[in-house]
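Engineer: The structure under discussion is supplied below as structure tokens; questions concerning it will follow.
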Amino acid sequence: MNKKYIVQARIFKAMSDENRLKIIDMLIDHPYNASELLEEMDFGQSTLSHHMKILMNAEVVRARKSGKWIIYSLNKEAFEQMIEWMKKYL
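Read the sequence shown against my numbering and you will find it ends at 71, with the numbers running on by one and no gaps.
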């Protein structure tokens, strides 16, 4: 694969799952910790960790530690860059 497209491919992969889209949708409004996200999902901690790893590898979600919690938030800049990249196809 041409390295030129690696970033976009990671973002598309991250967004190709309905559970990850739900997580992204939740994070639009405000940051959440893992237990808050799990309250809205139909799966356990290990599955959430898997989804969050993919979202963070694509850099569409950020994580920061706050005491014993990890707080997840949306990286809106990644979406803005993706929108700019996609505009060339319109």
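Where is the CB? At the ideal position from N, CA and C, for every residue including glycine.
Just so we're clear, the structure is a prediction, and the values are computed from it rather than from any experiment.
Could you check whether A(-10) and L36 sit closer than 8 Å to each other, using their CB atoms as the reference points?
Structural biologist: no
Engineer: If you drop the 5 nearest sequence neighbours on each side, which residues of the same chain put their C-beta closer than 8 Å to that of I52?
Structural biologist: Leaving aside the five residues that flank I52 on each side, the residues in its chain whose CB is nearer than 8 Å to its CB run, in chain order, P12, Y13, N14, A44, R45, K46.
Engineer: Taking DSSP as the reference, what is the three-state secondary structure of Y(-14)?
Structural biologist: helix
Engineer: Could you have a look at N14 and say whether DSSP puts it in helix, strand or coil?
Structural biologist: strand
Engineer: Tell me whether I9 sits in a helix, a strand or coil according to DSSP, three-state version.
Structural biologist: coil
Engineer: Does the distance from the CB of M22 to the CB of N0 come in under 8 Å?
Structural biologist: Yes, Cβ-Cβ distance for M22 and N0 is below 8 Å.
Engineer: Check each candidate in S30, A59, L29, E20 and name the one with the smallest Cα separation from A39.
Structural biologist: Of S30, A59, L29, E20, the residue nearest in Cα terms is A59.
Engineer: So, with DSSP's three-state summary, where would you put A44?
Structural biologist: strand
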